[in-house]
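Enquirer:
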Ligand SMILES: Cc1cc2nc3c(=O)[nH]c(=O)nc-3n(C[C@H](O)[C@H](O)[C@H](O)COP(=O)(O)OP(=O)(O)OC[C@H]3O[C@@H](n4cnc5c(N)ncnc54)[C@H](O)[C@@H]3O)c2cc1C
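Numbering (this note's numbering), first residue to last: 8 to 440.
Below, the structure written as structure tokens:
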């Protein structure tokens with residue numbers, strides 16, 4: 008089964024609130040014939056389009072080939088949370104790779120948010136960066152760890168944009184009985200993700216990049232130049248950049264062994280009044296909780312609660328996504344038990360064993376960045392800038408990311424999904440106990 012069509016129709020966006028609300032682009036033509044370029048980018052999400060934009064800005068001749076539409080993948084469907092830093096906390100990274108490397112990763116994670124914020128200020132990008140993510144603690148016993156972490160970030164990293172929220176202050180912002188305090192990070196924020204990715208496409212095209220839609224890459228032959236094949240075209244390129252994340256399939260086996268696709272789901276409620284919104288979450292902050300299967304939510308510009316909070320690990324999405332997500336939404340906000348749901352959709356993202364992105368050079372001139380593990384709005388966008396730098400000969404930040412070890416999932420392609428399901432069920436169960 009092919010993830011590119013398992014839950015979606017060829018050439019169509021999913022039935023998301025974002026697709027309904029976005030200012031769409033005209034279709035780009037499919038790639039056809041014998042073509043050449045400096046860099047062929049596969050996948051038109053944050054990673055691919057940011058790569059294309061930053062390379063075109065540097066004067067490279069770039070072609071983006073996308074199997075479906077611009078922003079069809081996770082980039083056009085996600086929770087829109089732009090979180091500072093990496094997916095793993097800094098204290099965990101210090102244990103994993105040492106203090107100096109952890110600091111470099113933190114810097115890149117901060118630059119990633121700055122990049123997204125700067126992009127959102129451009130005319131071509133039709134979304135606003137709304138500051139503030141509240142990280143809520145769902146188990147009372149974890150509050151002290153959260154408090155120590157805030158202290159760690161302030162004292163060791165000089166990061167003053169994060170503040171501790173005691174349980175009462177947290178409840179005043181996020182009106183849910185499910186949480187026991189948390190932290191407010193004003194360095195992070197949220198955006199309308201499909202508008203961000205469409206804006207990146209406008210910027211890439213304006214800078215001279217070519218985009219081809221409905222052009223699925225069926226194979227890549229290594230070499231100099233490399234050859235990228237679609238059904239309709241053969242593209243010779245000095246460099247290839249893979250930005251396919253959870254939709255990569257098995258095209259690159261070494262990557263596929265390390266980056267596992269999983270599905271995640273979101274609903275958009277009916278619009279509320281601005282006053283009702285303030286009764287649920289104050290100040291238009293986004294929220295992400297500490298559960299293993301993270302609940303994340305925020306309001307849209309037209310005052311709908313966008314609630315993400317359920318996962319699946321096979322190819323197919325559940326039949327009734329709205330019902331699957333309503334369950335955690337009602338656990339967090341019992342007062343919304345009867346609210347109407349206008350949109351329910353899912354998407355596929357790539358995770359790694361240690362939840363850190365997998366960066367790799369294949370054969371010298373093929374770069375791949377994926378496995379953002381739920382933090383690709385900032386880090387996917389950043390990866391594009393980093394890939395462009397690396398191709399231009401400045402590989403320092405690429406190497407900082409590539410030095411983080413990412414190991415294969417146990418079990419190989421055949422067994423990894425069942426093993427992952429078991430592991431996820433176990434951790435999910437622990438959350439509920
Ligand atoms: C429901 C959901 C909620 C999420 N919430 C958040 C969040 O709040 N914050 C956050 O930071 N991250 C979140 N994520 C993760 C985030 O969306 C991803 O990490 C990020 O979008 C990855 O971007 P990308 O460009 O690497 O991949 P994608 O956006 O998935 O793009 C990959 C593209 O490659 C194309 N492609 C694949 N194979 C081929 C091929 N053979 N030929 C041509 N094209 C191909 C696909 O069609 C697709 O368009 C979420 C993900 C999901 C699914």
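Just so it is clear, CB atoms sit at the ideal spot from N, CA and C, and this is done for glycine as well.
In this text the structure is predicted, and so the values were computed from the model without any measurement.
Give a single yes or no on whether residue 47 has its beta carbon closer than 7 Å to a heavy atom of ligand 1.
Expert: no
Enquirer: Taking 8 Å as the threshold, find out whether the stretch 268-283 comes into contact with the stretch 319-333 through three or more Cβ pairs.
Expert: yes
Enquirer: Exposed or buried, what is residue 75 when buried is set at 16 or more other beta-carbons lying within 10 Å of its beta-carbon?
Expert: buried
Enquirer: Rounded to a whole number of angstroms, what is the C-alpha to C-alpha distance between residue 80 and residue 187?
Expert: Cα atoms of residue 80 and residue 187: separation of roughly 34 Å, rounded to the nearest angstrom.
Enquirer: Do you know how far the Cα of residue 301 is from the Cα of residue 359?
Expert: Roughly 16 Å between the two C-alpha positions.
Enquirer: Is the distance from the Cβ of residue 384 to the Cβ of residue 161 below 8 Å?
Expert: no
Enquirer: Given that a residue counts as buried once 16 or more other Cβ atoms are within 10 Å of its Cβ, and exposed if not, what is residue 78?
Expert: buried
Enquirer: Opposite residue 376 in the DSSP bridges: which residues?
Expert: Answer is 366.
Enquirer: Using a Cβ-Cβ cut-off of 7 Å (strictly less than) and excluding sequence neighbours within five positions of residue 138, which residues of its own chain qualify?
Expert: 193, 196
Enquirer: If the criterion is Cβ atoms closer than 8 Å, does the pair residue 48 and residue 55 meet it?
Expert: Their beta carbons are under 8 Å apart, which means residue 48 touches residue 55 by this criterion.
Enquirer: With DSSP run on the structure shown, which of helix, strand or coil describes residue 318?
Expert: strand
Enquirer: Identify every residue that forms a DSSP beta bridge with residue 281.
Expert: Under DSSP, residue 281 shares a beta bridge with no residue.
Enquirer: Identify, in the order they occur along the chain, each residue of the same chain with its Cβ nearer than 8 Å to the Cβ of residue 150, setting aside the five sequence neighbours on each side.
Expert: 144, 174, 187, 188
Enquirer: With residue 246 as the anchor, note down where its beta strand (DSSP E) starts and where it stops.
Expert: 240-249
Enquirer: Where does residue 343 sit, in a helix, a strand or coil, going by DSSP?
Expert: helix
Enquirer: With a floor of 3 residues, list each beta strand (DSSP E) that falls wholly inside the stretch 36-112, ordered by position along the chain.
Expert: Fully enclosed beta strand (DSSP E) runs of no fewer than 3 residues occupy 40-49, 69-72 of the stretch 36-112, in order along the chain.
Enquirer: Considering only the beta carbon of each residue, do residue 181 and residue 170 sit closer than 8 Å?
Expert: no
Enquirer: Please determine whether the Cβ atom of residue 75 lies at a distance below 7 Å from any heavy atom of ligand 1.
Expert: yes
Enquirer: Could you tell me which of 339, 312, 110 sits nearest to residue 284, measuring between CA atoms?
Expert: Considering only 339, 312, 110, the residue with the shortest C-alpha distance to residue 284 is 312.
Enquirer: Compare the beta carbon distance of residue 240 and residue 62 with 8 Å and say whether it is the shorter of the two.
Expert: The answer is no: Cβ separation not under 8 Å.
Enquirer: Spatial neighbours of residue 98 within its chain, please: CB distance less than 8 Å, with the 5 preceding and 5 following residues excluded, ordered by chain position.
Expert: Excluding residues within five positions, the ones whose Cβ falls inside 8 Å are 156, 159.
Enquirer: Hey, is residue 379's beta-carbon within less than 8 Å of any beta-carbon in chain B?
Expert: Absence of chain B from the displayed structure is noted, only one protein chain being present.
Enquirer: Which value, in whole angstroms, describes the spacing of the CA atoms of residue 391 and residue 69?
Expert: A direct Cα-Cα distance of roughly 13 Å separates residue 391 from residue 69.
Enquirer: Going by the CB atoms, is the gap between residue 38 and residue 369 shorter than 8 Å?
Expert: In this structure, residue 38 does not lie closer than 8 Å to residue 369 by Cβ.
Enquirer: With a cut-off of 8 Å, do at least 3 Cβ pairs link the stretch 339-354 to the stretch 21-33?
Expert: yes
Enquirer: For ligand 1, is there a heavy atom less than 7 Å away from the beta-carbon of residue 160?
Expert: no
Enquirer: Could you tell me the alpha carbon to alpha carbon distance between residue 102 and residue 212, rounded to whole angstroms?
Expert: 42 Å
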